[in-house]
Amino acid sequence: MSLFDLSLEQLADHLSGLGEPGYRARQVHDGVWKRGSTYEEMTDLPATLRARLAEEVPLGVEVVEERTADGGSTRKALLWLGGRHLVEVVLMGYRERVTTCVSSQSGCAMGCGFCATGQMGLRNNLTGGEIAAQAWWARREAAALPSSTPRRLSNIVFMGMGEPLANERNTFGALARLTDPRGFGLGDRHITVSTIGVVPAIARLAERFPQVGLAVSLHAADDELRNELVPVNRLWPLAELERAVLAWHVATRRRPSIEWAMMAGTNDGDDQARKLSAIAHRLAAHVNLIPLNPTPGSTVLPSPPERIAAFAGVLRDAGVNVTVRGTRGREIEAACGQLRWEHDRAEVSSSA
Ligand code: SAH
Ligand code: SF4
């Protein structure tokens, strides 16, 4: 069991079992969650206790590989978590904020063909502690960002590997840990959960964490095309998804985002832009256009920049709030699941 998965009470139980005084649990808890320390750095604890805890309730975060890009303001790591999953996490420093993109699963069962994680299939769900541990890594790394950034972790997006709402219990467990004012203490409003559209879980997200943001990966504005690009659309078609997101908007009074990866000749035509405009209006949504990161397992190609600009123009003319997302970290393969994919291939070829 990793330290990140223990509640304060469980930690207190463990420590009292070791004959430690009552205040120790709070010391360890503050060390890891508030100060972002490793056991080695918790010098207010006796060395023997630190060694024992590292053995019995390890942090379980090992950096397997690390890369930087964009002049050091994008950092990406492949982490070996809890001695059982290889996942990736990305940290992006901007002028006014520092955002980390965390993984919720190792692989993903949703099967979107254009996505590197989808091509892997689902390996494992991460625990709440394993998801939160990535933010712990990110908060530490933020200090090493260039001085052109605030060097303090300010935002978390669940846009790494996996579908957070298909691992709902652990995603909610991670949200509880990350927003705990007596622990990690990040404001709910600084966290966004991205979903492909696991409809029944959206209402529960609104109920449990009404201040946490919602991004919906739409990618197509009619069922015919969406069934093709996003297989779970057959289970939860657009009309149902729209109803769930609208209910979320009404319950939380927050603006959802719509994510749309721009795929050449597939979903980048003016007709899709017009249909998308109507949906965005009904949901009071902000639209993020994402330049597609081509993946080795798919023949879908990225839309040319002129097409992205024209598509954005149709949305803007219809009065929709739209942003074209930058291609942060492209040189280090910072797209959904890609670093992991490369690593797998390297493993396969070295064992062949
Ligand atoms: N499973 C969730 C969150 C992880 S994916 C979801 O799908 O929303 C995070 C974002 O990356 C999603 O918007 C997803 O559609 C997008 N994405 C996946 N593969 C991509 C690719 N090859 N290029 C660009 N964006 C991609
Ligand atoms: Fe899973 Fe999201 Fe990738 Fe689809 S886009 S396969 S839901 S991680």
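Add 41 to the 1-based position in the sequence shown for my numbering, that's all there is to it. Backbone N, C-alpha and C define an ideal beta-carbon position, used for all residues, glycine too.
In this structure valine 286 is in contact with valine 257, their Cβ atoms being roughly 6 angstroms apart against a cut-off of 8 angstroms. Per DSSP, glutamine 313 lies in no beta strand (DSSP E) segment; the continuous alpha helix (DSSP H) that holds it begins and ends at 311 to 324.
Rounded to whole angstroms, glutamate 107 and valine 69 show a C-alpha spacing of 27 angstroms. Pairing leucine 127 with valine 143 gives a Cβ-Cβ distance that is not under 8 angstroms.
Beyond the five residues adjoining it in sequence on each side, threonine 233 comes within less than 6 angstroms, by CB distance, of Val198, Gly254 and Ala256 in the same chain, given in chain order. Separation of the CB atoms of alanine 351 and isoleucine 331 is rounded to 16 angstroms, and the pair is thereby denied contact status at 8 angstroms. Between the segment 183 to 202 and the segment 133 to 141, the count of C-beta pairs closer than 8 angstroms reaches three or more; the two stretches touch. DSSP links leucine 132 through a beta bridge to Arg116 and Thr141. When only Cα atoms are considered, tyrosine 80 and leucine 94 end up about 8 angstroms apart.
Within the chosen limit of 7 angstroms, the ligand SAH reaches the beta carbon of threonine 236 through at least one heavy atom.
Taking the Cβ atoms as the reference, serine 298 lies roughly 6 angstroms from asparagine 329, within the contact range of under 8 angstroms. Non-local beta-carbon contacts of alanine 242 in its own chain, meaning distances under 7 angstroms to residues more than five positions away in sequence, involve Leu206 and Glu209 in chain order.
In the DSSP assignment, asparagine 196 falls within the beta strand (DSSP E) that extends over 196 to 199. Closest in C-alpha terms to alanine 118, from the list Ala179, Val365 and Gly367, comes Ala179. Counting only residues of its own chain and dropping the five nearest sequence neighbours on each side, lysine 75 has a CB closer than 8 angstroms to the CB of Gly224, Phe225 and Gly226. Judged by beta-carbon spacing, phenylalanine 155 lies within the 8 angstroms limit of threonine 336, meaning their Cβ atoms are closer than that value.
With a threshold of 7 angstroms, the Cβ atom of threonine 168 does not count as near the ligand SAH, since no heavy atom of the ligand is closer than that. Counting along the chain, leucine 342 sits inside no alpha helix (DSSP H), nor does DSSP assign it H or E at all.
In the DSSP assignment, threonine 233 falls within the beta strand (DSSP E) that extends over 232 to 236.
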